[in-house]
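Have a look at the structure below before the remarks.
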Amino acid sequence: MKRIFGSKKPAPTLEDAISNTDGRVDSVEVKIRRLDAELSKYKDQMSRMRDGPAKNSVKQKAMRVLKQKKMYEQQRDQLMQQSFNMEQTSFATENLRNTVTTVNAMKQANKQLKKQYKKVNIDKIEAMQDEMEDLLDQANEIQEALGRSYNLPEDIDEADLEAGNFLIFNNKLIIKKKKKKKKKEKKN
1 MKRIFGSKKP APTLEDAISN TDGRVDSVEV KIRRLDAELS KYKDQMSRMR DGPAKNSVKQ
61 KAMRVLKQKK MYEQQRDQLM QQSFNMEQTS FATENLRNTV TTVNAMKQAN KQLKKQYKKV
121 NIDKIEAMQD EMEDLLDQAN EIQEALGRSY NLPEDIDEAD LEAGNFLIFN NKLIIKKKKK
181 KKKKEKKN
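Under the UniProt record's numbering, the residue at position 52 of the sequence shown is numbered 52, and the numbers go up by one with no gaps.
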């Protein structure tokens, strides 16, 4: 049947309707500008005329043009409001599409998370953490064993070590003073 009678025309989209309405607004604005030019011409004519029937005739023509202009301005305003309303509807529709897409993506991510969490066993993770802790403790024990010093006797206390450090420091000072003294003697 479609081949004989043709197929049904697709419904106009909101963007098509907005574009069509904006085109009509442009057309009406062209008419308004034309009427403005005509009004300007009549105003100029009236300013050069004396009061009388000729001026009244031009004034009536100007009034008629002014009424037409007001009518076109109302039409333009109505068309602009229609266009604005359709743009709001288009924006709301696009927002809704984006929301649906976001919700679908979140549902998919939720399914993936559930699937991945089924693969994770918390008991195995805790056991692995305990094992890692034991291995690190063993590594520290090994490092301590390897870091022992063999030259120091075990019975030295801290007071003895501090006294030894004091003597070493004093000896270094004495050596420095002797070197300075020798340099002075060589200069003299």
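The C-beta atom is built at its ideal place from N, Cα and C for all residues, glycine as well.
Which residue wins for smallest C-alpha separation from residue i, given the options the options?
i, options, result
"residue 68", "28, 15, 116, 19", "28"
"residue 25", "81, 106, 111", "81"
"residue 23", "33, 53, 76, 185", "76"
"residue 73", "103, 36, 52", "36"
How far does the alpha helix (DSSP H) with residue i in it reach, from first residue to last?
i, result
"residue 101", "53-119"
"residue 43", "14-48"
"residue 127", "122-146"
What whole-angstrom Cβ distance do residue i and residue j have, given they're in contact under 8 Å?
i, j, result
"residue 46", "residue 59", "6 Å"
"residue 55", "residue 63", "Wrong, their Cβ atoms sit about 13 Å apart, outside the cutoff."
"residue 21", "residue 79", "6 Å"
"residue 99", "residue 14", "Not confirmed; about 18 Å, so no contact."
"residue 258", "residue 42", "What the structure shows of the chain is the stretch from 1 to 188, and residue 258 is not part of that stretch, so it cannot be assessed."
"residue 38", "residue 65", "5 Å"
Please list, in chain order, all residues of the same chain as residue i whose beta carbon is under 7 Å from its beta carbon, the five residues on each side excluded.
i, result
"residue 12", "none"
"residue 117", "none"
Taking 8 Å as the limit between beta carbons, can you name the residues of its chain near residue i, skipping five residues before and five after?
i, result
"residue 18", "83, 86, 87, 90"
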